[in-house]
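One structure is given here, and the rest of the page talks about it.
Numbering (the numbering used here), first residue to last: 91 to 465.
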């Protein structure tokens, strides 16, 4: 069976990582070969190659990259080399047409977004022209351009501008997005180099800030945060407890439908990173609307939400049972949950009759722990 491009480049990266001393000529040959393939899957390998180039990028590499601004090589250069690489390849105005056209190509969209973010990293003021030029694109293209700009501005340190664009332009577009491609556009990562260190930025910190300052939080925004948490790269510097803080301070009237499922998704995704913690117990402390949303999730028509809700309830019971030496605050927290214990047992009793085995198993495990809770 023939290897696919992702497998080939994965092998190349593994082998490359073990060879610390590679001649410049060998690096140049690999760059030429990668450039000739035109495979977008080779982007991360291209980034590793360009970092091995001399401080002054060879003219042959600049010439190769200049042929196509939306190529893997060109975008790797502006992402992982200094802003001098952009200057050598021409002013940013010449990049815009090719990158904006590539954004509309599903196969090259992710690479084009990486390039747009890199432009905003090195030239933050370019975002105004990019937004203006993107008005002629369709909704999917505009969403891709906007999200790429936000990631690039945030990486550049222009946090205020990134949050303003996300709040005014990006968040409203979440209500009209659909399809897997939109999800990929929103959860994509921007990879770049700062002082020889590989960095990563996603929309996660920006959208958390937008949600925190919003008067109301849409289900689409919470679902997007949940997906960003699920896809969060390990190297991304972000404290996932920020999401728990956000959910805990949602207005009381924000818990009913249609936010129930979105809240459960968000909490369940955060749980994978923060684990069962006192912060989680605080967010779910009854009789708050968030706890009611989790209880409602046990009866959701969606299997994923039913399972996630039961998992959250199980984690809370486990936390309460673990507290052997409790403070006065811990006792008050436990008393709050004990007041709702009968309701939890009643709802999970119904879940024992669910037509899905996984839900029945989760419900049985959940009830076992809640039965153990005593005053």
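No residue lacks a Cβ here, since even glycine has one placed at the ideal position from N, Cα and C.
Measure the C-alpha to C-alpha separation of residue i and residue j and round it to an integer number of angstroms.
{"i": "residue 128", "j": "residue 195", "result": "14 Å"}
{"i": "residue 92", "j": "residue 98", "result": "10 Å"}
{"i": "residue 308", "j": "residue 276", "result": "16 Å"}
{"i": "residue 215", "j": "residue 158", "result": "23 Å"}
{"i": "residue 109", "j": "residue 286", "result": "18 Å"}
{"i": "residue 211", "j": "residue 166", "result": "13 Å"}
{"i": "residue 464", "j": "residue 322", "result": "38 Å"}
{"i": "residue 278", "j": "residue 292", "result": "7 Å"}
{"i": "residue 115", "j": "residue 164", "result": "19 Å"}
{"i": "residue 511", "j": "residue 358", "result": "The chain is shown from 91 up to 465; residue 511 falls before or after that span and cannot be answered."}
{"i": "residue 432", "j": "residue 364", "result": "28 Å"}
{"i": "residue 461", "j": "residue 300", "result": "40 Å"}
{"i": "residue 137", "j": "residue 106", "result": "12 Å"}
{"i": "residue 429", "j": "residue 349", "result": "24 Å"}
{"i": "residue 120", "j": "residue 205", "result": "21 Å"}
{"i": "residue 220", "j": "residue 273", "result": "22 Å"}
Who are the near neighbours of residue i in its chain, counting only those whose CB is closer than 6 Å to its CB and skipping five residues on each side?
{"i": "residue 399", "result": "354, 384, 387 and 388"}
{"i": "residue 259", "result": "236"}
{"i": "residue 102", "result": "135"}
{"i": "residue 352", "result": "309, 312 and 313"}
{"i": "residue 132", "result": "99, 124 and 162"}
{"i": "residue 456", "result": "400, 403, 404 and 438"}
{"i": "residue 246", "result": "211 and 214"}
{"i": "residue 186", "result": "223"}
For residue i, collect the residues of the same chain with a Cβ closer than 8 Å to its Cβ; drop the 5 residues on either side in sequence, then sort them by chain order.
{"i": "residue 130", "result": "162, 197, 198, 200 and 201"}
{"i": "residue 304", "result": "257, 261 and 311"}
{"i": "residue 459", "result": "404, 407, 408 and 411"}
{"i": "residue 449", "result": "393, 396, 397, 400 and 441"}
I need the DSSP call for residue i, collapsed to helix, strand or coil.
{"i": "residue 281", "result": "strand"}
{"i": "residue 330", "result": "coil"}
{"i": "residue 462", "result": "helix"}
{"i": "residue 435", "result": "helix"}
{"i": "residue 289", "result": "strand"}
{"i": "residue 138", "result": "helix"}
{"i": "residue 414", "result": "Caution applies to residue 414, whose pLDDT of 45 falls short of 50 and renders its modelled position unreliable; the model cannot decide the point."}
{"i": "residue 95", "result": "helix"}
{"i": "residue 144", "result": "coil"}
{"i": "residue 184", "result": "helix"}
{"i": "residue 115", "result": "helix"}
{"i": "residue 388", "result": "coil"}
{"i": "residue 403", "result": "helix"}
{"i": "residue 335", "result": "helix"}
Going by alpha carbons, who is nearest to residue i out of the options?
{"i": "residue 203", "options": "241, 151, 105 and 371", "result": "241"}
{"i": "residue 284", "options": "126, 302, 208 and 322", "result": "208"}
{"i": "residue 325", "options": "442, 141, 260 and 289", "result": "289"}
{"i": "residue 306", "options": "340, 376 and 331", "result": "340"}
{"i": "residue 373", "options": "403, 274 and 294", "result": "403"}
{"i": "residue 179", "options": "221, 205, 281 and 152", "result": "152"}
{"i": "residue 436", "options": "212, 453, 105 and 390", "result": "453"}
{"i": "residue 392", "options": "362, 445 and 171", "result": "445"}
{"i": "residue 149", "options": "122, 132, 111 and 138", "result": "122"}
{"i": "residue 169", "options": "156, 329, 140 and 190", "result": "140"}
{"i": "residue 381", "options": "362, 117 and 426", "result": "426"}
{"i": "residue 394", "options": "434, 424, 376 and 447", "result": "447"}
{"i": "residue 371", "options": "390, 397, 396 and 335", "result": "335"}
{"i": "residue 255", "options": "233, 273 and 272", "result": "233"}
So, for residue i: in the same chain, excluding its five sequence neighbours on each side, which residues have a beta-carbon less than 7 Å away from its beta-carbon?
{"i": "residue 356", "result": "312, 315, 316, 333 and 337"}
{"i": "residue 264", "result": "308, 310, 311 and 314"}
{"i": "residue 171", "result": "140 and 147"}
Cβ of residue i less than 9 Å from any chain C Cβ?
{"i": "residue 276", "result": "The structure shown contains no chain C; it is built from a single protein chain."}
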